[in-house]
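For reference, the structure discussed in these notes is given below.
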Amino acid sequence: MAQDNNNGQEQRLDFVRQIVADDNKTGKWGGRVVTRFPPEPNGYLHIGHAKSICLNFGIAAENPGGRCHLRFDDTNPEKEEQEYVDSILQDVRWLGWDWGEHLYYASDYFDRMYEYAVQLVKAGKAYVCDLTAEQTREFRGTLTEPGRHSPYRNRSIDENLDLLERMRAGEFPDGSRTLRAKIDMAHPNVSMRDPVMYRILHASHHRSGDKWCIYPMYDWAHGLEDSIERITHSICTLEFENHRPLYDWFLDALGVYHPRQIEFARLNLTYTVMSKRKLLRLVKDGLADGWDDPRMPTISGMRRRGYSPAAIREFCRVIGVNKFNSTVDFALLEHCLRQDLNRTSPRVMAVLRPLKVVITNYPENVEDLLDCVNNPEDPAAGSRKVPFGRVIYIERDDFMEEPPKKFFRLAPGREVRLRYAYFIKCNGVIKNDQGEVVELHCTFDPHTRGGDAPDGRKVAATLHWVSAEHALDAEVRLYDHLFTRENPDDVPEGEDFTAGINPDSLKVLTGCKVEPSLADAKPLDRFQFERLGYFCLDPDAAPGKLIFNRTVTLKDTWAKVQKTQTD
RNA sequence: UGGGGAAUAGUGUAACGGCAGCACAACUGACUCUGGAUCAGUUAGUUCAGGUUCGAAUCCUGGUUCCCCAGCCA
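The first sequence maps to residues 1 to 567 in our numbering.
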């Protein structure tokens, strides 16, 4: 799987894969290809992570003997939780990737990292600093001005060794000291100005418990993790480009195995936010109903919404990999989704906003089972029997008493086809006291059973329907973008991204009518409701209580026509 | 005003000195028992100014614009 290079042609490599291919050619890594996906377990994975996952696991899968490690970068106990670890494991697996036995935790390397730190201290390349966080910032200088040396920079190696050991032993309070690399306080790259390697944090870690009260910083830890695991290509996002000199400095100073760090641009998508901070905010403020809210761009949200792993993988393939910031049109994601769902989803009939239709010349109490194709894109999917009856429901939108020009559907005096069933003609409109249409009276042509007229006459439209007697009730949740603007951060002065929340991103429809075959649907089962879109059964559903999520609509040219007519 | 990156149709990406191509979106049309799917077509691009070259998106010089960096976050 994963290398769906079904476009025949010689394949174009993105710049990361090109580097890997070149390295394989020169034998730089002895033919090894080892990548890693290193999430911090402080939130749920989102579609942006999927891009990184597909890149790293994809490269490993495409190269003989290649492998990709799943490694939790759990160096900050204050933000990390087991719940996130569990969700990440589930999401990566669901996306279709397999890390084999290569599941790792940075916290498992804490002992070795400490030994490496001692090594640097002994080499005179690291020191214990007593500056407060605020002082450290002041001493660091600015982007345009060099920093100043910490007064603790020239402590003796023995004193540093002693202090570091006592830091680890828990003798000092949080924030009172740090271990810093001794590099260059005048370096134009601010991250090289004696960066902090360890901070004191008397916090319980979700895996190592209370064993440690000093925790390594990202820059110190990450290269070591890569080195320990003998990663060949350490692929990360653009904001770490500034850190590469430091990544290299640490590994060189230690003289250990040294992977190559490569940076690529993170994914941005229209109408959505992608930072964990903002997603956390949506969850915490109740703007979304949890991490797996079907409107969230999280993997768990998309799964619940009805996305397929294949669609997400295809999306990650077509967006490519680059070094500049770009924002992908949400429509491209939906395109990949529809493409996959079209060929895999069984068709079924469901009426979201029911309009009762009585077929006046149809006999009462007959059993009439009609053959319906399960998936015209997949002959192997076969067919099913769907019951018909004298009273049926059709979609309210499929009838107009006074149809405008391009409306092809049912109207007084007009004949249409009921999908896989009969031609019906409307000759009676019943209204309530408010003048709303509540019922239609139609006649059917018994010779059109199955949907074809023996005399060859044509109808302009085919409608979906559900037999009233056999229909199942269902709740259907319709989703729209969580944000009204293409760029949610594009908000008025003084407001934040939540100002652009779409108040209509969720519509709950009750009293929907679906065909009886859906009684057996299981959570997350995907269907195409004919003419409407793709839907999946929500995990909130229970026996006798059907709840469907609309994953995405079908392309709807009538809706487009309507829109241009009203504009 | 320091350092590090980057600029190709509306959007996302190819072209690695030799005809600027693909996909999405938009718009036409054909076909259709899903106004779905499918098929055919149209619109539309090299950040700017110089230079090198028979030939430049690609190489060189300069400019413009955008992104990242001053956490004891990752």
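Glycine residues also receive a C-beta, built at the ideal position from the N, C-alpha and C atoms.
Starting from the C-beta of residue i, find all residues in its chain whose C-beta is less than 8 Å away, skip the five residues before and the five after it, and write them out in chain order.
i      : result
Met349 : Cys372, Val386, Arg419, His464, Trp465, Val466, Val514, Glu515, Phe529, Glu530
Thr237 : Ser52, Glu263, Phe264, Ala265, Arg266
Ala468 : Lys356, Gly389, Val391, Ile392, Tyr393, Lys513
Asn7   : Only weak support exists for where Asn7 lies, its pLDDT of 36 falling under 50; the value from the coordinates is given anyway. Closer than 8 Å at Cβ, skipping near neighbours: no residue.
Tyr307 : Leu337, Thr551
Arg353 : Glu395, Arg396, Asp397, Leu509, Cys512
By a C-beta neighbour count over all protein chains shown, 10 Å radius and 16 as the cutoff for buried, is residue i buried or exposed?
i      : result
His49  : buried
Pro309 : buried
Arg409 : buried
Glu80  : buried
Lys276 : buried
Ala221 : buried
Phe57  : buried
Gln565 : exposed
Phe399 : buried
Pro298 : Checking the displayed sequence, the identity of residue 298 turns out to be Thr instead of Pro. It counts as buried.
Ile261 : Note on identity: in this sequence residue 261 is Gln, with Ile being the wrong assignment. Burial call: buried.
Pro41  : buried
Ala133 : exposed
Lys522 : exposed
Ala288 : buried
Thr448 : buried
Asn361 : exposed
Gly27  : exposed
Please go through the same chain and pick out, in chain order, the residues whose beta-carbon is closer than 6 Å to the beta-carbon of residue i, but skip the five residues on each side of it.
i      : result
Glu78  : Ala203
Arg417 : Phe423, Gly451, Val459, Thr462
Arg583 : Because the chain here runs from 1 to 567, residue 583 falls outside it and cannot be looked at.
Glu415 : Phe423, Lys425, Val459
Arg526 : Gly306, Ser345, Cys536
Excluding the 5 residues flanking residue i on each side, which residues of the same chain have their C-beta closer than 7 Å to its C-beta?
i      : result
Arg550 : Val476, Arg477, Leu478, Tyr479, Gly533, Phe535
Pro403 : Ala411
Ser383 : Asp371, Cys372, Val373, Asn374
Lys242 : In the sequence on display, residue 242 carries Asn and not Lys. Asn189, Ser191.
Arg485 : Gly500
Met1   : Note that Met1 scores 30 on pLDDT, short of 50, meaning its location in the model is unreliable; the coordinates nonetheless yield the value given after this. So the list reads Gly96, once near-sequence residues are dropped.
Ile88  : Pro39, Pro41, Leu45
Asn365 : none
Mind checking whether residue i and residue j have CB atoms under 9 Å apart?
i      : j      : result
Val33  : His233 : yes
Ser269 : Thr327 : In the sequence under discussion, the amino acid at residue 269 is Leu, which differs from the Ser named in the question. Going by C-beta atoms, Leu269 is nearer than 9 Å to Thr327.
Gly175 : Arg140 : no
Asp162 : Met197 : no
Tyr44  : Ser300 : yes
Leu55  : Val321 : yes
Pro259 : Asp226 : yes
Tyr152 : Val128 : yes
Ala381 : Asp340 : no
Asn76  : Tyr257 : no
Gly114 : Ile228 : According to the sequence provided, residue 114 is Tyr. The question's Gly does not apply to it. No, these two residues do not count as a Cβ contact at 9 Å.
Leu246 : Ile183 : yes
Arg304 : Pro539 : yes
Arg177 : Ala186 : no
Could you tell me which of the options sits nearest to residue i, measuring between CA atoms?
i      : options                        : result
Gly568 : Glu415, Val20, Phe37, Pro38    : Because residue 568 is not part of the residues shown, which for the chain are 1 to 567, the question remains open.
Asp504 : Thr557, Arg295, Asp329         : Arg295
Trp97  : Ala474, Arg313, Ala380         : Arg313
Ala519 : Leu472, Cys129, Asp340, Phe527 : Leu472
Glu401 : Leu280, Asp378, Glu367, Leu440 : Leu440
Tyr271 : Asp490, Asp293, Cys213         : Asp490
Ala331 : Phe315, Lys323, Asn325         : Phe315
Cys213 : Asp86, Asp73, Ser107           : Ser107
Leu70  : Asp86, Ala117, Asn76, Pro64    : Asp86
Arg168 : Thr142, Thr26, Arg244, Lys211  : Lys211
Asn427 : Ile359, Ala117, Ala253         : Ile359
His470 : Ala453, Ser517, Trp291, Asp252 : Ser517
Leu554 : Lys125, Phe483, Arg347         : Arg347
Phe407 : Gly255, Arg305, Val561         : Val561
Glu62  : Leu13, Gln90, Thr26            : Leu13
Asp496 : Asp455, Gly413, Arg303, Leu282 : Leu282
Gln82  : Arg230, His206, Met274         : His206
Met274 : Lys545, Lys25, Met185, Phe483  : Phe483
Arg180 : Ala421, Val118, Val16, Asp540  : Val118
Leu224 : Leu506, Arg112, Arg457, Lys507 : Arg112
Tyr116 : Asp130, Gly100, Asp252, Glu239 : Asp252
At which residue ranges does the stretch 456 to 513 contain complete beta strand (DSSP E) runs of 3 or more residues, listed in the order of the chain?
Note on the stretch 456 to 513: whole beta strand (DSSP E) runs with a minimum of 3 residues are 465 to 467, 472 to 479, in chain order.
Taking the runs of the beta strand (DSSP E) that are 3 residues or longer, which of them lie wholly in the stretch 345 to 414?
Counting only runs of 3 or more, we get 354 to 359, 368 to 373, 383 to 388, 391 to 395.
Threshold first: 3 residues or longer. Then list the beta strand (DSSP E) segments lying entirely within the stretch 132 to 191, N to C.
Annotation note: the stretch 132 to 191 contains the following uninterrupted beta strand (DSSP E) runs of length 3 or greater, listed N- to C-terminal: 178 to 181.
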